[in-house]
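These notes are about the structure you will find just below.
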Amino acid sequence: MLTESDVRAALRLTLDSAAPDAWDPDFDFLDGALDSLDHATFLLNLEEVHGLKVPEEDVVSLKSIRAVLEYAERAAADEGT
Amino acid sequence: MTSRVRIVDCVAHVPAGRLDLLEMAERFDTDAKFLRQKTGYTAVARMDASETASGLAEAAVRRAFEAHPGLVGRVKLLVLITQNPDGYGLPHASAILHGRLGLGDDVAAFDVSLGCSGWVYGLSIATSFMDANHIDSGLLITADPYSPVLDPDDRNTQLLFGDAAAVTVLERGAPGWSAGRFLFGTDGTAWRSLMVDEERRLRMNGHGIFVFSAKRVPACIAETLSANGIAMVDVDRVLVHQGSRYIVETIGKRLGAPDKTPFVANDVGNTVSSSIPLILSSGLCDGDGRIVVCGFGVGLSWAATVLTRIDDQQ
Numbered sequence: 069m070l071t072e073s074d075v076r077a078a079l080r081l082t083l084d085s086a087a088p089d090a091w092d093p094d095f096d097f098l099d100g101a102l103d104s105l106d107h108a109t110f111l112l113n114l115e116e117v118h119g120l121k122v123p124e125e126d127v128v129s130l131k132s133i134r135a136v137l138e139y140a141e142r143a144a145a146d147e148g149t
Numbered sequence: 051m052t053s054r055v056r057i058v059d060c061v062a063h064v065p066a067g068r069l070d071l072l073e074m075a076e077r078f079d080t081d082a083k084f085l086r087q088k089t090g091y092t093a094v095a096r097m098d099a100s101e102t103a104s105g106l107a108e109a110a111v112r113r114a115f116e117a118h119p120g121l122v123g124r125v126k127l128l129v130l131i132t133q134n135p136d137g138y139g140l141p142h143a144s145a146i147l148h149g150r151l152g153l154g155d156d157v158a159a160f161d162v163s164l165g166c167s168g169w170v171y172g173l174s175i176a177t178s179f180m181d182a183n184h185i186d187s188g189l190l191i192t193a194d195p196y197s198p199v200l201d202p203d204d205r206n207t208q209l210l211f212g213d214a215a216a217v218t219v220l221e222r223g224a225p226g227w228s229a230g231r232f233l234f235g236t237d238g239t240a241w242r243s244l245m246v247d248e249e250r251r252l253r254m255n256g257h258g259i260f261v262f263s264a265k266r267v268p269a270c271i272a273e274t275l276s277a278n279g280i281a282m283v284d285v286d287r288v289l290v291h292q293g294s295r296y297i298v299e300t301i302g303k304r305l306g307a308p309d310k311t312p313f314v315a316n317d318v319g320n321t322v323s324s325s326i327p328l329i330l331s332s333g334l335c336d337g338d339g340r341i342v343v344c345g346f347g348v349g350l351s352w353a354a355t356v357l358t359r360i361d362d363q364q
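Those sequence lines, one after another, are chains A and B. Residue numbers in the first sequence follow my numbering, run continuously in steps of one, and reach 149 at the last position. Residue numbers in the second sequence follow my numbering, run continuously in steps of one, and reach 364 at the last position.
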């Protein structure tokens with residue numbers, strides 16, 4: 069199961085910065101902190117390291133740490149049903 | 051069997067016109083820092099509105115003829131890579147080019163409809179055609195001007211694509227670059243990712259293209275090295291299609307070879323199938339002995355091979 073620590077690690081790797089450690093889980097990182105290419109790299113990392121596949125229509129909704137965790141939880145639940 | 055057809059030179063023609071992207075950034079409400087650091091382009095080349103693919107190609111070929119005396123009489127093949135040919139694509143732009151150059155009627159000329167993978171595909175096609183038909187001298191030309199199909203209000207494409215042409219001079223048994231085994235691939239399920247729509251405007255799914263590039267290209271290059279019996283340590287440089295600085299740097303990192311994977315298209319833009327021969331024409335690889343080349347994009351399509359420098363007339 070994807071954890072908050074995993075998401076922050078992927079963000080740190082993407083930005084090559086520790087700044088994401090200080091972000092509130094509801095912080096909208098698409099509002100200036102990550103551009104579209106950073107965001108794509110972040111999601112690619114989640115897919116390759118944690119197996120979280122995100123269809124293109126869902127990409128823009130994953131704009132905070134909490135949104136990513138809730139999405140991963142739903143994806144895991146759907147997989148289990 | 052390895053072909054004795056070699057790349058003896060690459061000659062570029064980049065139109066003088068430039069769209070200054072740092073000026074355009076304000077109009078498109080785009081951060082200039084994003085342009086410099088991510089797309090990597092500070093300007094993109096723009097041909098005159100009246101210019102055509104065959105016109106760009108002609109300028110490049112005439113430069114090649116000036117640089118290689120006697121070539122004009124030896125050339126028996128024109129392969130033109132374009133998806134934006136003159137007029138409506140009939141006749142083929144390579145025939146128009148043939149006429150503009152005043153070449154003889156014993157010259158084969160045909161177009162190949164491919165985008166950013168086109169130069170690598172074209173190298174295999176031209177080399178094979180020359181071997182099969184005992185042709186000693188041929189020209190592989192890339193001229194795919196995107197400016198006529200760009201939406202003036204679409205920053206994703208306006209600030210990315212540039213117009214240019216390049217000619218790759220191929221001669222049998224001459225010193226130059228020799229191609230090894232090629233690898234090709236296609237993912238036609240994603241053809242909508244980069245397409246011209248019903249209004250003749252280019253549409254690009256930037257996210258999809260980036261993910262495709264980051265995942266597919268490093269794997270393709272690794273397979274190509276393996277198919278040629280070599281490893282990354284054996285190549286001096288990795289020339290990938292110059293889709294954007296971020297894509298090139300991402301590929302370099304994922305290959306574990308960032309220092310071998312240059313981005314050098316900052317003042318011309320993404321010139322589609324011309325981006326790799328433009329690097330070769332710049333002299334950047336003149337001291338190299340072996341390089342790997344990979345083109346990728348429209349289709350989605352990709353192709354790669356290894357080029358080894360042969361210094362004598364084998």
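Beta carbons are placed, not taken as given, at the ideal position from N, Cα and C, and that holds for glycine.
Should residue i and residue j be called a contact, given that it needs their Cβ atoms to be closer than 9 Å?
{"i": "THR82 of chain A", "j": "ASN113 of chain A", "result": "yes"}
{"i": "GLY165 of chain B", "j": "GLY339 of chain B", "result": "no"}
{"i": "ILE259 of chain B", "j": "LEU140 of chain B", "result": "no"}
{"i": "THR177 of chain B", "j": "LEU220 of chain B", "result": "yes"}
{"i": "ILE131 of chain B", "j": "LEU190 of chain B", "result": "yes"}
{"i": "SER132 of chain A", "j": "PHE110 of chain A", "result": "no"}
{"i": "ALA159 of chain B", "j": "ALA182 of chain B", "result": "no"}
{"i": "SER294 of chain B", "j": "THR80 of chain B", "result": "no"}
{"i": "ALA108 of chain A", "j": "VAL261 of chain B", "result": "yes"}
{"i": "ALA103 of chain B", "j": "ALA75 of chain B", "result": "no"}
{"i": "VAL122 of chain B", "j": "LEU153 of chain B", "result": "yes"}
{"i": "PHE313 of chain B", "j": "ARG205 of chain B", "result": "no"}
{"i": "GLY168 of chain B", "j": "SER53 of chain B", "result": "no"}
{"i": "TYR65 of chain B", "j": "ALA95 of chain B", "result": "What sits at residue 65 of chain B in the sequence shown is Pro, not Tyr. Going by C-beta atoms, PRO65 of chain B is nearer than 9 Å to ALA95 of chain B."}
{"i": "HIS118 of chain A", "j": "ASP89 of chain A", "result": "no"}
With 16 as the cutoff for other CB atoms within 10 Å, does residue i come out buried or exposed?
{"i": "SER100 of chain B", "result": "exposed"}
{"i": "GLU124 of chain A", "result": "exposed"}
{"i": "GLY105 of chain B", "result": "buried"}
{"i": "TRP227 of chain B", "result": "buried"}
{"i": "ASP59 of chain B", "result": "buried"}
{"i": "TYR138 of chain B", "result": "exposed"}
{"i": "LYS126 of chain B", "result": "buried"}
{"i": "ASP98 of chain B", "result": "exposed"}
{"i": "TRP241 of chain B", "result": "exposed"}
{"i": "ARG250 of chain B", "result": "exposed"}
{"i": "PRO93 of chain A", "result": "exposed"}
{"i": "ASP213 of chain B", "result": "buried"}
{"i": "GLY345 of chain B", "result": "buried"}
{"i": "VAL217 of chain B", "result": "buried"}
For residue i, which of the options has the nearest alpha-carbon?
{"i": "GLY337 of chain B", "options": "B:ALA66, B:ALA281, B:VAL285", "result": "B:VAL285"}
{"i": "ALA315 of chain B", "options": "B:LEU305, B:ILE329, B:ARG68, B:SER178", "result": "B:ILE329"}
{"i": "ILE185 of chain B", "options": "B:TYR196, B:VAL162, B:VAL157", "result": "B:VAL157"}
{"i": "THR321 of chain B", "options": "B:ASP194, B:GLY90, B:PRO268, B:GLU248", "result": "B:ASP194"}
{"i": "ASP84 of chain A", "options": "A:LEU102, A:VAL136, A:ASP146", "result": "A:LEU102"}
{"i": "MET245 of chain B", "options": "B:TYR196, B:LEU305, B:ALA264, B:GLY223", "result": "B:TYR196"}
{"i": "THR274 of chain B", "options": "B:PHE232, B:ILE297, B:LEU252", "result": "B:PHE232"}
{"i": "PHE84 of chain B", "options": "B:PHE115, B:SER323, B:TYR296, B:MET180", "result": "B:TYR296"}
{"i": "ASP161 of chain B", "options": "B:LEU153, B:ASP155, B:GLY154, B:HIS148", "result": "B:HIS148"}
{"i": "GLY120 of chain B", "options": "B:SER187, B:ALA281, B:LEU334, B:PRO135", "result": "B:SER187"}
Using C-beta distances below 7 Å, list every residue in its chain close to residue i, excluding the 5 sequence neighbours before and after it, in chain order.
{"i": "LEU151 of chain B", "result": "GLU108, VAL111"}
{"i": "GLY230 of chain B", "result": "ASN278, THR355, VAL356, THR358"}
{"i": "VAL343 of chain B", "result": "VAL170, LEU289, ILE326, ALA354, THR355, LEU357"}
{"i": "ALA93 of chain B", "result": "ARG68, LEU69, ASP70, LEU71, ASP317"}
{"i": "SER163 of chain B", "result": "GLN133"}
{"i": "PRO120 of chain A", "result": "Sequence check: residue 120 of chain A is Leu here, not Pro. LEU70, LEU114, ALA140, ALA143."}
{"i": "ASP362 of chain B", "result": "PRO225"}
For residue i, I'd like the list of residues in its chain whose CB is within less than 6 Å of its CB, leaving aside the five on either flank, ordered along the chain.
{"i": "ARG113 of chain B", "result": "VAL61"}
{"i": "LYS35 of chain B", "result": "Past the edges of chain B, shown from 51 to 364, lies residue 35 of chain B, and the structure says nothing about it."}
{"i": "VAL55 of chain B", "result": "THR177, MET180, LEU220, ARG222"}
{"i": "GLY235 of chain B", "result": "TRP352"}
Kindly indicate which three-state DSSP category residue i falls into: helix, strand or coil?
{"i": "LEU72 of chain B", "result": "helix"}
{"i": "HIS63 of chain B", "result": "strand"}
{"i": "ARG54 of chain B", "result": "coil"}
{"i": "PHE78 of chain B", "result": "coil"}
{"i": "THR239 of chain B", "result": "helix"}
{"i": "ALA28 of chain B", "result": "The shown model of chain B, from 51 to 364, leaves out residue 28 of chain B, and the question about it has no answer."}
{"i": "VAL94 of chain B", "result": "strand"}
{"i": "CYS344 of chain B", "result": "strand"}
{"i": "ALA354 of chain B", "result": "strand"}
{"i": "ILE360 of chain B", "result": "strand"}
{"i": "LEU125 of chain B", "result": "Per the sequence presented here, residue 125 of chain B reads as Val, with Leu not at that position. The answer is coil: DSSP assigns VAL125 of chain B none of H, G, I, E or B."}
{"i": "TRP91 of chain A", "result": "coil"}
{"i": "ARG287 of chain B", "result": "strand"}
{"i": "MET282 of chain B", "result": "helix"}
{"i": "LEU114 of chain A", "result": "helix"}
{"i": "ASP161 of chain B", "result": "strand"}
So, at 8 Å on beta carbons, what are the nonlocal neighbours of residue i in its own chain, with the 5 sequence-adjacent residues on each side left out?
{"i": "HIS257 of chain B", "result": "none"}
{"i": "PRO268 of chain B", "result": "ILE301, ARG304, LEU305"}
{"i": "GLY333 of chain B", "result": "none"}
Using a cut-off of 7 Å between C-beta atoms, extract the partners of residue i located in chain D.
{"i": "VAL298 of chain B", "result": "The structure shown contains no chain D; its protein chains are A and B."}
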